[in-house]
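Peer 1: Sequence order for the protein chains is Z, H, V, D, C, R, G and L. The working numbering numbers the first residue of the first sequence as 99 and each following residue consecutively. The working numbering numbers the first residue of the second sequence as 99 and each following residue consecutively. The working numbering numbers the first residue of the third sequence as 99 and each following residue consecutively. The working numbering numbers the first residue of the fourth sequence as 99 and each following residue consecutively. The working numbering numbers the first residue of the fifth sequence as 99 and each following residue consecutively. The working numbering numbers the first residue of the sixth sequence as 99 and each following residue consecutively. The working numbering numbers the first residue of the seventh sequence as 99 and each following residue consecutively. The working numbering numbers the first residue of the eighth sequence as 99 and each following residue consecutively. Don't be surprised by glycine CBs; every beta carbon is placed ideally from N, CA and C.
8 protein chains.
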Amino acid sequence: MADLGFARVDLDREARTGDPEVVYGAGKTPEQVAAILTALHAKHPERAVLATRLSPEAMAAARAVGAEVHEVARAATLGPTPEHHGRVGIISAGTSDAPVAAEAALTVATHGAAPVEIRDVGVAGLHRLLAVRDELATLDCVIVVAGMEGALPSVVGGLIGVPLIAVPTSVGYGASFGGLAALLGMLNSCAPGITVVNIDNGYGAGVAAARIVRVSQRVSERLSERDATGR
Amino acid sequence: MADLGFARVDLDREARTGDPEVVYGAGKTPEQVAAILTALHAKHPERAVLATRLSPEAMAAARAVGAEVHEVARAATLGPTPEHHGRVGIISAGTSDAPVAAEAALTVATHGAAPVEIRDVGVAGLHRLLAVRDELATLDCVIVVAGMEGALPSVVGGLIGVPLIAVPTSVGYGASFGGLAALLGMLNSCAPGITVVNIDNGYGAGVAAARIVRVSQRVSERLSERDATGR
Amino acid sequence: MADLGFARVDLDREARTGDPEVVYGAGKTPEQVAAILTALHAKHPERAVLATRLSPEAMAAARAVGAEVHEVARAATLGPTPEHHGRVGIISAGTSDAPVAAEAALTVATHGAAPVEIRDVGVAGLHRLLAVRDELATLDCVIVVAGMEGALPSVVGGLIGVPLIAVPTSVGYGASFGGLAALLGMLNSCAPGITVVNIDNGYGAGVAAARIVRVSQRVSERLSERDATGR
Amino acid sequence: MADLGFARVDLDREARTGDPEVVYGAGKTPEQVAAILTALHAKHPERAVLATRLSPEAMAAARAVGAEVHEVARAATLGPTPEHHGRVGIISAGTSDAPVAAEAALTVATHGAAPVEIRDVGVAGLHRLLAVRDELATLDCVIVVAGMEGALPSVVGGLIGVPLIAVPTSVGYGASFGGLAALLGMLNSCAPGITVVNIDNGYGAGVAAARIVRVSQRVSERLSERDATGR
Amino acid sequence: MADLGFARVDLDREARTGDPEVVYGAGKTPEQVAAILTALHAKHPERAVLATRLSPEAMAAARAVGAEVHEVARAATLGPTPEHHGRVGIISAGTSDAPVAAEAALTVATHGAAPVEIRDVGVAGLHRLLAVRDELATLDCVIVVAGMEGALPSVVGGLIGVPLIAVPTSVGYGASFGGLAALLGMLNSCAPGITVVNIDNGYGAGVAAARIVRVSQRVSERLSERDATGR
Amino acid sequence: MADLGFARVDLDREARTGDPEVVYGAGKTPEQVAAILTALHAKHPERAVLATRLSPEAMAAARAVGAEVHEVARAATLGPTPEHHGRVGIISAGTSDAPVAAEAALTVATHGAAPVEIRDVGVAGLHRLLAVRDELATLDCVIVVAGMEGALPSVVGGLIGVPLIAVPTSVGYGASFGGLAALLGMLNSCAPGITVVNIDNGYGAGVAAARIVRVSQRVSERLSERDATGR
Amino acid sequence: MADLGFARVDLDREARTGDPEVVYGAGKTPEQVAAILTALHAKHPERAVLATRLSPEAMAAARAVGAEVHEVARAATLGPTPEHHGRVGIISAGTSDAPVAAEAALTVATHGAAPVEIRDVGVAGLHRLLAVRDELATLDCVIVVAGMEGALPSVVGGLIGVPLIAVPTSVGYGASFGGLAALLGMLNSCAPGITVVNIDNGYGAGVAAARIVRVSQRVSERLSERDATGR
Amino acid sequence: MADLGFARVDLDREARTGDPEVVYGAGKTPEQVAAILTALHAKHPERAVLATRLSPEAMAAARAVGAEVHEVARAATLGPTPEHHGRVGIISAGTSDAPVAAEAALTVATHGAAPVEIRDVGVAGLHRLLAVRDELATLDCVIVVAGMEGALPSVVGGLIGVPLIAVPTSVGYGASFGGLAALLGMLNSCAPGITVVNIDNGYGAGVAAARIVRVSQRVSERLSERDATGR
């Protein structure tokens with residue numbers, strides 16, 4: 099653990115959980131974000147460090163220390179993206195959901211899986227969703243991002259058999275109550291096998307999806323060993 | 099207005115609003131339900147009187163005074179069903195939603211429109227819904243009944259251009275909070291032109307749908323008059 | 099579908115649902131609003147395109163590309179208003195509800211029906227409402243806009259027999275909880291046949307009302323055909 | 099204060115506040131209700147003691163010790179009703195609200211004012227309310243009891259200038275959330291001068307109304323003294 | 099009714115309800131506030147018109163047209179204060195509640211009763227409240243203003259027998275949820291005879307209190323007539 | 099840890115935390131309650147084991163294995179009560195709060211402190227509370243139990259300087275929402291130094307109070323050691 | 099699809115999603131449960147059909163048609179359990195959570211993965227959880243079941259790197275609000291990669307976990323193919 | 099009591115409760131904060147006066163009158179810190195919780211106990227918490243500060259036997275609902291003996307902890323007296 103004065107930084111997260119280091123930018127100054135990014139990168143130069151929920155000022159500070167900035171995702175990465183195993187779909191309906199979907203996609207990419215973004219497939223226009231059914235069939239895991247009534251996971255969930263992580267967003271007004279309507283809708287989905295994360299938590303969905311793909315590789319390796327040992 | 103001792107019964111509702119008389123059975127004794135049904139029927143023998151939210155005992159009492167009992171809808175009617183104008187679809191997903199859908203259908207029928215019930219078309223099995231698209235195109239108005247996440251109106255709403263009335267039901271558990279999840283989902287639907295009634299209010303949806311069809315006839319008659327008068 | 103870079107624009111909505119194209123301005127830059135308006139108008143020059151929830155800057159940008167701006171409704175239209183069939187009343191109580199009522203009226207007008215605005219008829223001054231009873235009788239559909247306790251739809255609903263769409267507004271303070279009190283009041287109305295849309299959703303109410311009038315014409319045409327064919 | 103073993107009974111309430119003694123029956127056994135009624139009556143034989151929220155068994159026990167039982171109000175009184183000063187209207191809409199209205203009326207009567215019950219005047223049938231306007235003008239204070247959307251106080255409040263106490267009831271279903279919708283509606287009423295009590299609290303409304311009439315007498319006596327003393 | 103272009107102003111409120119004219123300033127421009135104040139004053143020069151919820155700019159505009167500005171109450175009056183009958187206590191705990199208490203006191207004064215302000219008597223310092231018990235005994239009606247847990251009305255309610263109107267305020271943080279905690283506390287008060295208004299609604303409490311005093315006078319006059327006529 | 103088949107019982111709790119063993123009876127069969135009580139008592143015969151939230155059947159089963167049953171507290175103890183150090187007041191208002199107060203008092207007693215129960219001191223009758231001020235001054239810690247508006251802790255908190263633990267109860271109706279009103283009231287108390295436990299959690303309050311007294315002894319012993327060692 | 103009169107049964111679910119057939123028993127009669135189980139088993143004799151949320155009567159009816167009944171899980175299976183691939187941990191804290199944990203474990207088993215149940219590892223006794231750390235390291239996916247404050251997933255989530263599905267239960271009282279506290283706690287977990295299902299939804303968690311293991315196999319097969327083809 | 103014009107200042111709080119004077123800075127101008135600090139300090143020069151919830155401007159004003167400013171705690175003290183008895187741990191998880199933890203620590207210090215701050219010990223990294231177990235064993239009382247899911251008190255509560263005060267913070271987003279999730283989590287903790295204060299109320303927790311330590315001294319003195327007197 100490294101002490102930067104304003105924060106003790108956990109430098110061994112990957113060893114414990116397999117996930118790379120991440121800086122949660124909300125409530126941190128641009129200087130703090132840049133300092134933590136630099137410290138983590140120095141410790142783990144071989145793999146990208148991710149910083150999320152960045153203000154425009156924090157994005158500028160991250161860029162100044164050499165990080166790549168991802169505007170739509172309001173995030174930055176410092177260091178090389180890891181090799182990708184498995185394909186994770188990030189499906190979203192409206193353009194307002196784009197920041198959350200982009201955060202999820204970037205998290206997937208920095209955690210070792212290939213993000214496949216599919217946009218503009220709201221439930222009120224089924225033809226768009228049905229048009230991508232073949233693409234859906236190639237995915238190992240799906241993240242569905244939706245605000246307002248949050249119905250998209252139920253519809254997608256009926257079309258696929260792979261794990262589906264639903265992300266409610268705070269997009270909406272009035273009786274959406276800051277994303278509560280979408281959250282409740284997703285928790286009550288009639289399609290089985292759907293799991294849900296917090297409102298606007300694209301990062302959390304990305305980590306979960308990447309872990310799903312990662313465990314696949316682990317199982318795969320175990321099966322290979324069995325084959326090799328003749329068990 | 100007739101005074102039955104325990105209630106003053108409004109006998110002139112149809113004249114004021116065009117809707118037939120209705121007995122709301124919740125909280126009334128079987129004897130009260132039977133007495134009010136009989137009084138209303140005596141005043142309006144030419145058109146069916148409707149009684150809703152009946153207990154098994156109230157259904158028996160209604161049957162005893164000559165009413166037709168509708169078990170699934172938990173309702174009874176006394177008097178001849180009116181002639182039907184226009185077709186109102188009542189679309190529902192799960193079997194648990196059947197009582198609310200049946201109440202809506204019966205209300206539509208007693209208020210002068212033809213109910214067309216379409217069942218088992220949940221959003222998690224789109225193929226069922228897509229299979230009835232041609233039938234949807236023949237309807238003048240649609241009532242969509244759904245519990246849990248309440249996503250069905252959004253999906254149906256994207257397929258049609260006629261008025262759509264959404265009825266959330268209390269079917270669900272946990273974070274459905276007695277139908278709140280479905281209600282919020284429907285109010286936040288991304289499909290335009292959807293309107294919503296109270297949780298489990300099949301009767302209210304039926305009245306609204308019948309009024310929509312009735313106003314159609316009024317417009318039609320007005321247009322006919324114009325034609326006749328050469329305007 | 100046209101790809102503007104930042105959005106894929108649905109150009110065929112009218113063919114699918116009968117509704118004209120609409121730009122939901124919330125969360126879009128003035129430039130985006132202007133670009134989408136222009137693209138949709140180029141595709142459908144014969145009928146007004148509507149843009150709602152515009153900031154003052156977006157209104158200016160809309161005006162700059164030739165759109166007519168509707169200040170109170172915070173909206174703009176580009177292209178000729180369609181011919182009007184049927185009369186839709188938009189009834190509101192307080193001056194604070196004016197923007198929502200104006201959005202509903204403009205939506206009705208761009209969707210093909212004639213809006214009839216009736217203002218300042220709050221429930222605490224029944225004499226005002228009773229003074230317009232004759233006008234109410236001429237309407238084919240009614241939209242009632244109210245904040246605070248949201249009681250106006252119940253009172254109007256007892257006076258008419260045509261479809262009534264209630265719009266709760268976020269006008270109020272304290273225990274109005276951003277329009278929740280009005281929303282719950284309308285959902286629990288004791289007047290039958292009332293349906294409800296999301297808080298402040300004047301647009302949604304306008305679409306629903308226009309669809310009700312449109313289906314009337316459809317029924318009317320069907321009846322005329324029957325007459326012509328002697329059925 | 100008298101100690102009955104299971105309760106220490108306050109025997110001096112009237113001296114402190116002017117209100118008579120009351121037994122809140124919820125959660126008490128029939129024997130306890132009867133014993134407290136008897137003890138309070140022995141102390142104050144000149145004025146009726148009131149017991150509210152009684153189960154059928156508690157009503158029987160009260161009757162057995164000589165109390166008068168009021169079935170609809172689920173209450174009992176023991177001792178002579180006091181002389182009545184001032185007239186308090188108790189206005190209610192539906193028959194389901196009858197127990198709360200009856201509790202309010204009985205409380206008014208035992209606290210020294212004359213209750214005037216006006217029933218079946220729901221907002222969805224304004225003609226009924228307008229038919230009693232002359233009677234409203236004779237009242238010194240009004241209690242309005244309503245469930246569902248709770249709109250009645252707003253309408254009555256616009257017609258009168260005397261104090262109005264609104265009582266929301268738990269009558270309703272779905273999004274009434276046990277009376278919450280009516281409570282919020284009344285708290286947000288656009289008619290000025292309305293005050294509200296807890297859901298189903300007919301007793302509290304009755305006490306408040308009786309105090310209003312009582313303070314009138316006090317003021318009156320003060321004015322009389324001035325006249326007599328020439329001040 | 100006068101039409102000012104942006105509003106139709108009700109000029110006959112006093113005739114209908116006995117209350118003077120009031121301008122609710124929230125959401126109105128300074129110019130609108132000034133114009134309505136002037137129009138109402140021209141119609142009723144003999145009695146003060148009240149404007150509430152004024153911004154600093156609106157207060158300046160009111161002052162410019164001759165109104166007296168009440169800074170703490172965020173209000174203004176134009177015209178002479180009426181003669182006062184009866185004494186209404188306005189009891190508050192913390193200094194943060196001062197604006198709501200001042201609005202209530204000013205409303206009482208403009209509606210014809212004498213406000214008696216008693217401050218800094220929170221429940222956590224009972225000695226302060228007990229020190230004013232003699233003053234409490236002289237009041238005809240009491241308004242209690244409190245935020246946070248809203249316990250003050252219960253304590254005051256146990257000490258007096260006159261009507262008590264409780265006003266919850268939005269003062270607090272965290273689990274006060276914008277005044278909800280105080281509102282619920284007051285609605286559930288164990289002291290009988292307490293009625294409640296909306297959060298921060300000092301105006302509503304003042305109107306209700308003034309009506310209580312006004313009805314006292316009416317009763318008093320009625321009693322005098324009886325004396326005079328020998329009934 | 100002992101495995102009883104249906105439960106693994108923690109036998110070493112006291113060593114870890116200083117608290118005795120407890121059986122939470124809700125959801126357990128009478129046989130399970132009796133078996134766990136017996137097993138824990140066999141392990142710790144020197145100190146009473148406590149069982150809470152018992153049904154009448156579970157109380158009977160506990161009595162059958164030699165436990166002492168505490169009816170009002172719905173609890174049982176098996177084994178000798180420990181020596182008491184320090185005095186903990188348990189102050190409650192209404193008789194309906196008695197079970198929660200009794201559970202708190204019994205928990206205090208089995209955890210090593212002397213409970214002092216003070217009843218019937220509601221905020222609406224301050225004279226009762228003021229009458230026990232001298233007794234309050236002798237207490238080392240206070241538990242205040244209250245339902246409805248939950249105002250009692252604020253009033254008591256202003257009179258004392260020792261730790262105060264507030265217990266909201268589910269006593270109430272309507273807008274008490276199962277104890278939520280009392281809970282929010284206590285969390286927002288304007289009296290400093292008040293802490294709160296879950297609704298109806300007399301047990302938790304008792305444990306916390308006993309720990310406060312226990313830490314006092316620890317501090318005392320530490321001070322004694324200092325004295326003995328001359329530090 | 100087979101029509102049983104009371105329900106149209108989906109017989110092709112596995113083909114579409116890979117999941118076996120399931121009967122949701124809530125709201126179905128024992129006869130209906132038995133009939134659907136039999137019909138589904140006849141169609142898919144090679145793989146167990148699962149019925150959940152069974153009443154004791156429905157369990158008896160299921161047993162009568164040859165199904166194996168799982169008492170704690172309130173469920174039944176008819177047909178042979180499939181071969182298991184991968185290990186899914188089901189970790190729970192209290193004995194009250196046992197039914198939900200058992201439903202999750204049985205669902206995992208019928209969906210093709212090996213359930214590993216780990217019980218009695220609540221957060222308030224960390225030593226128990228730390229004692230099973232080695233076992234945790236062998237799991238491919240973890241389901242964590244907890245009521246009350248729902249903290250267990252956060253603690254487990256910090257110890258592992260595989261996917262974690264959190265199931266809040268309705269175990270608790272007072273401010274648990276039927277599982278809401280646990281649900282919110284899990285959604286807000288500070289441990290990354292946690293996803294959540296509805297309150298008490300052990301079935302949904304089991305399906306999601308089994309899908310995660312299943313996708314692992316798919317990835318594994320894909321990798322094997324690559325090896326075989328030399329890609 | 100001193101009257102500063104804008105506030106009557108309580109100068110005798112310590113005599114009544116043993117707590118020093120405190121200025122709650124929210125809603126007060128910098129000048130008011132400085133004036134009250136000065137007045138209280140003049141009255142009690144021997145002991146530090148505390149001012150909390152200060153804006154940067156108020157901190158500057160406090161510094162100008164000689165107060166020591168505590169930036170992180172957003173607070174100021176004027177006068178000498180009292181001698182410290184007992185050790186109170188303030189345990190927090192994230193850096194965002196620092197202001198609330200600092201306010202609690204400063205309050206403890208000004209109320210007479212020694213604060214021991216332990217940071218960065220979140221539940222998702224148990225190793226950090228386990229590393230400070232020996233330090234935990236030396237504390238007389240523990241304050242645990244946590245946002246998001248609020249699980250830390252449950253974990254700490256299982257490790258210690260001294261009183262634990264939990265402080266939920268508003269740190270979080272989405273379904274944290276401003277700290278509600280953490281608050282509910284703490285109230286439902288499965289670890290016994292935990293008590294809770296309002297969201298972000300570090301001050302209240304500090305007062306409660308200091309009172310716990312103070313009562314310890316009182317008990318200690320009493321025991322000493324007994325020893326001295328031979329009782």
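What residues from the stretch 288-320 of chain Z come within 7 Å of chain H, judged by C-beta to C-beta, listed N to C?
Peer 2: Listed by position, the residues of the stretch 288-320 of chain Z near chain H (Cβ gap below 7 Å) are C288, A289.
Peer 1: Closer than 7 Å, CB to CB, is P118 (chain D) near chain C or not?
Peer 2: For P118 (chain D), the answer is no, since every Cβ of chain C falls outside 7 Å of its Cβ.
Peer 1: Quick check on the DSSP output: what are the complete alpha helix (DSSP H) runs of length 4 or more inside the stretch 198-248 of chain G, in order along the chain?
Peer 2: For the alpha helix (DSSP H) assignment, the uninterrupted runs of no fewer than 4 residues enclosed by the stretch 198-248 of chain G are, from N- to C-terminal side, 224-228, 231-234.
Peer 1: Would you kindly report the start and end of the unbroken beta strand (DSSP E) that includes L372 (chain C)?
Peer 2: In this structure chain C extends from 99 to 329, so residue 372 (chain C) is not present and cannot be described.
Peer 1: Tell me whether the stretch 185-192 of chain G and the stretch 159-169 of chain G touch, counting them as touching only if at least three CB pairs, one residue from each stretch, are closer than 8 Å.
Peer 2: no
Peer 1: Residues in the same chain with beta-carbon distance under 7 Å from R151 (chain L), minus the five sequence neighbours each way, listed in chain order, please.
Peer 2: Y122, G123, A124, R172
Peer 1: Compare the beta carbon distance of G255 (chain Z) and A203 (chain H) with 7 Å and say whether it is the shorter of the two.
Peer 2: no
Peer 1: Per DSSP, what kind of secondary structure is H139 (chain Z) in: helix, strand or coil?
Peer 2: helix
Peer 1: If we ignore side chains and look at the alpha-carbon of each, how far apart do E144 (chain D) and G248 (chain C) end up?
Peer 2: Distance between the alpha carbons of E144 (chain D) and G248 (chain C) is about 37 Å.
Peer 1: What are the residues of the stretch 256-271 of chain L that lie near chain R, defined by any Cβ-Cβ distance shorter than 9 Å?
Peer 2: Under the 9 Å Cβ criterion, the stretch 256-271 of chain L contributes G256, L257, I258, G259, V260, P261, L262, I263, A264.
Peer 1: Taking the Cβ atom as the reference point for each residue, do L250 (chain D) and V242 (chain D) lie within a distance shorter than 7 Å?
Peer 2: yes
Peer 1: I believe V206 (chain V) touches A133 (chain V) by the beta-carbon criterion, under 8 Å. Please report the beta-carbon distance rounded to the nearest angstrom.
Peer 2: The Cβ separation is near 26 Å, so there is no contact.
Peer 1: Can you round the beta-carbon distance between G184 (chain L) and V214 (chain L) to whole angstroms, since I take them to be within the 8 Å contact cut?
Peer 2: Not really, about 10 Å apart at Cβ, beyond 8 Å.
Peer 1: Do the CB positions of V120 (chain L) and A156 (chain L) come within less than 7 Å of each other?
Peer 2: In this structure, A156 (chain L) does not lie closer than 7 Å to V120 (chain L) by Cβ.
Peer 1: Between A273 (chain C) and chain L, is any beta-carbon pair separated by less than 7 Å?
Peer 2: By the rule that beta-carbons nearer than 7 Å mark a contact, A273 (chain C) touches chain L.
Peer 1: Determine the closest residue to H225 (chain L) out of G:I258, G:A280, G:G291, with distance taken between C-alpha atoms.
Peer 2: G:I258 is the residue among G:I258, G:A280, G:G291 whose C-alpha sits nearest the C-alpha of H225 (chain L).
Peer 1: Taking Cβ-Cβ distances shorter than 9 Å, what residues in chain L pair up with L281 (chain Z)?
Peer 2: G272, A273
Peer 1: Going along chain D in order, which residues have a C-beta closer than 9 Å to the C-beta of G123 (chain H)?
Peer 2: Chain D residues near G123 (chain H): none, gap ~12 Å exceeds 9 Å.
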